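Worksheet: the structure to be examined is printed underneath.
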């Protein structure tokens, strides 16, 4: 991966890491499913009037919209609303890395090298340490439904990653932003319908008539920065590189999530969590550079002895 694309991946990491704090702010003034609906309405309009429809199969666009847009954020927003801490959510959501590697191998036939397996195992250990360090006691301190919803969000994200790569391989000159914007039409109706069914008309009306500036700013962030910029760059990287080469960068999202939580919300980072961060960064380095280092070592001429 080129240095330029690595920097682009890191930009996405920062945007998505801070996104967890912003989501928590937005949920203070609006129920989760309504927040999701308004997010994607802002993603679509007015951008859809200026970006041409992608020349892709309608089925692929719909699947992409239902997985990476609707399912991921419906589960994630509800999980945080149900009590999943934003910092821990940023850790558990990275289960998408493991789901992506598995689905990439099973569906796309992508080869996973030993160095990537080692890196992912180290990162998995780091995520466990991070999650453990953020708990006051044991797993029951996090609501089980919130934990399951966050894992479901990670699986949905992975499905979106695989769909993106599959439909964009033969897309030619199709702009990734056209996919991002036009696929955002898909989750709007499901979000609105689910909000009406599960949150109720009264909650919807109250949230809209009493909307406050922090909620508006949160919507702007999660719509324009997190979606337009974040997913635009992420999807472009997935079309250039194998899934296992791109997705490990997302392991740094918890680093930014925990840091932004500490700086913005005053959340504390325990010593155990710092160890987890170091394991994650080591796993990322091995995933990105491990294969290259092993190749150089194999081709390095042996030193002759006298």
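In my numbering, the protein residues as written are 11 to 316. Think of the CB as a built atom: it goes at the ideal place given N, C-alpha and C, for glycine as much as any other residue. Computed from a predicted model, the values in this text were never measured in an experiment.
Within the region 237-302, ranges of the beta strand (DSSP E) (whole runs, at least 3 residues)
none
With a floor of 3 residues, list each beta strand (DSSP E) that falls wholly inside the region 35-74, ordered by position along the chain.
none
Find the nearest neighbour of residue 47 within the set 184, 160, 219, 203, judged by alpha-carbon distance.
203
Taking just the CA atoms, how far does residue 253 sit from residue 170?
11 Å
Please report the Cβ distance between residue 117 and residue 172, rounded to the nearest whole angstrom; I am assuming they are in contact, meaning their Cβ atoms lie under 8 Å.
6 Å
Reduced DSSP category for residue 9 - H, G, I as helix; E, B as strand; rest coil:
Since the first residue shown for the chain is 11 and the last is 316, residue 9 is missing from the structure and cannot be characterised.
The region 89-103 / the region 156-170 touching (three or more Cβ pairs under 8 Å):
yes
Taking only three categories from DSSP, how would you classify residue 76?
helix
Assuming residue 154 is part of the alpha helix (DSSP H), what are its boundary residues?
154-178
Among 196, 107, 240, which has the Cα closest to the Cα of residue 293?
107
Same chain, Cβ closer than 8 Å to residue 229, neighbours up to 5 away in sequence not counted:
36, 45, 48, 49, 52
Closest Cα partner of residue 20 within the set 275, 281, 257, 284
257
Expected contact under 8 Å - CB spacing of residue 177 and residue 70 to nearest Å
4 Å
What is the residue span of the alpha helix (DSSP H) that residue 197 lies within?
195-204
Helix, strand or coil, according to DSSP, for residue 184 in the structure here?
coil
What would DSSP say about residue 327, mapped onto helix, strand or coil?
Residue 327 cannot be examined here, being either before or after the span of the chain that is shown, 11 to 316.
Residue burial classification, residue 270 (beta-carbon count within 10 angstroms, cutoff 16)
buried
Based on Cα-Cα distance, which residue from 214, 241, 250, 135 lies nearest to residue 14?
250
On the CB-based measure, 16 or more other CB atoms within 10 Å of its CB, does residue 210 come out buried or exposed?
exposed
So, with DSSP's three-state summary, where would you put residue 127?
helix
Compute the beta-carbon to beta-carbon distance between residue 319 and residue 85, rounded to the nearest angstrom, for a pair I have assumed lies under 8 Å.
The structure shown has nothing for residue 319, since the chain only spans 11 to 316.
Report yes if the C-beta distance between residue 64 and residue 192 is below 8 Å; otherwise report no.
yes
Quick one: what's got a C-beta closer than 8 Å to residue 174's C-beta in the same chain, skipping five residues either side?
74, 78, 189, 245, 248, 249
Express the C-alpha separation of residue 212 and residue 153 in angstroms, rounding to a whole number.
26 Å
For residue 137, which of helix, strand or coil comes out of DSSP?
helix
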